[in-house]
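If you count the sequence shown from 1, position 116 lands on 213 in this note's numbering, and the numbers rise without skipping.
Here a beta-carbon is modelled for each residue, glycine too, at the ideal position from N, C-alpha and C.
So the structure is just underneath, and the comments pick up after that.
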Amino acid sequence: MAQFGAFYVNTNCKIPKEVVLAYPIDACSPLQNHSTYVDESNSENHYKDKLVLVTRGQCAFIQKALYVEQAGAAGMIVVNSENGEMHLMSDDGTDAGNLIRIPCVLIPYDRGQQIMYYMELRNQEIEREKQREVKMQNVPTSPNMDNLFSSIWIRPKVTAALGYCSTLDFHFF
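Set out below in structure tokens:
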């Protein structure tokens with residue numbers, strides 16, 4: 098958890114949200130609607146109402162949170178340094194912490210790597226689907242084949258249910 102941002106005491110309040118990577122990944126400058134982990138058809142509001150995964154370091158937690166919130170995100174997940182200790186994220190000593198309205202959590206490095214692995218799998222699946230669509234444009238199909246190909250592709254997403262007090266549950270589907 099963080100000493101800034103949204104804080105709710107109801108641990109049963111879990112809101113499932115899709116997780117996306119920040120670009121730039123350290124979120125030390127305004128976020129851009131560009132990432133290798135996004136379906137291009139949804140890139141216009143890439144961060145809106147989603148949980149944004151960022152890496153620790155390069156700038157203050159508050160700065161990251163401000164950029165993530167400005168991008169329209171529902172929350173921020175900071176992946177800890179590889180061998181870093183887990184600490185409570187604190188503000189930078191200014192009043193900027195009072196401006197943050199989204200929940201912010203710090204997770205262990207290995208958990209962050211796991212999330213990014215599943216996000217990469219999703220990206221690969223989207224690329225395979227695009228390649229298949231291009232190949233299938235030149236193949237005569239019957240109604241039965243259309244139904245077959247429309248049901249084959251599964252787009253796994255990474256979502257997280259953020260219990261604003263202390264829990265962060267990830268679901269990979």
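### Task
State the start and end residues of the unbroken beta strand (DSSP E) segment that holds Leu203.
For this step, residue 203 is matched to residue 106 along the sequence shown. Unbroken beta strand (DSSP E) run through Leu203: Cys201 to Ile204.
### Message
On the criterion of 16 or more Cβ atoms from any shown chain inside 10 Å, does Glu115 qualify as buried, or is it exposed?
### Response
What you label residue 115 is simply residue 18 of the sequence shown in a count that begins at 1. Exposed, since its Cβ has fewer than 16 Cβ neighbours within 10 Å.
### Task
Hey, could you find the ends of the beta strand (DSSP E) Leu271 is sitting in?
Residue numbering for the chain in the displayed model covers 98 to 270; residue 271 lies beyond these limits and cannot be assessed.
### Residue closest to Ile60, alpha-carbon to alpha-carbon, out of Met173, Lys232 and Asn142
A question about residue 60 goes unanswered here, because the residues of the chain that appear run from 98 up to 270.
### Message
If the criterion is Cβ atoms closer than 8 Å, does the pair Asn180 and Leu203 meet it?
### Response
As a working mapping, residue 180 is identified with position 83 in the sequence shown. As a working mapping, residue 203 is identified with position 106 in the sequence shown. No, the Cβ-Cβ distance between Asn180 and Leu203 is not below 8 Å.
### Query
Exposed or buried, His184, counting other C-beta atoms within 10 Å across all chains shown (16 or more means buried)?
What you label residue 184 is simply residue 87 of the sequence shown in a count that begins at 1. Burial check for His184: the Cβ neighbour count within 10 Å stays below 16, so the residue is exposed.
### Message
So, does the region 193–201 touch the region 212–227, judging by three or more C-beta pairs under 8 Å?
### Response
no
### Query
Does the beta-carbon distance from Val117 to Arg153 come in below 8 Å?
The residue given as residue 117 occupies position 20 in the sequence shown. The residue given as residue 153 occupies position 56 in the sequence shown. No, the Cβ-Cβ distance between Val117 and Arg153 is not below 8 Å.
#### Entry: Presumed contact (8 Å Cβ cut-off) between Gly169 and Asp146, rounded CB distance
Working through the sequence shown from its first residue, we reach residue 169 at position 72. Working through the sequence shown from its first residue, we reach residue 146 at position 49. Confirmed, Cβ separation roughly 7 Å.
### Message
Beta-carbon within less than 6 Å of Met213's beta-carbon, same chain only, minus the 5 sequence neighbours each way: which residues are those?
### Response
Against the sequence shown, residue 213 aligns to sequence position 116. Excluding positions up to five away in sequence, the list is empty.
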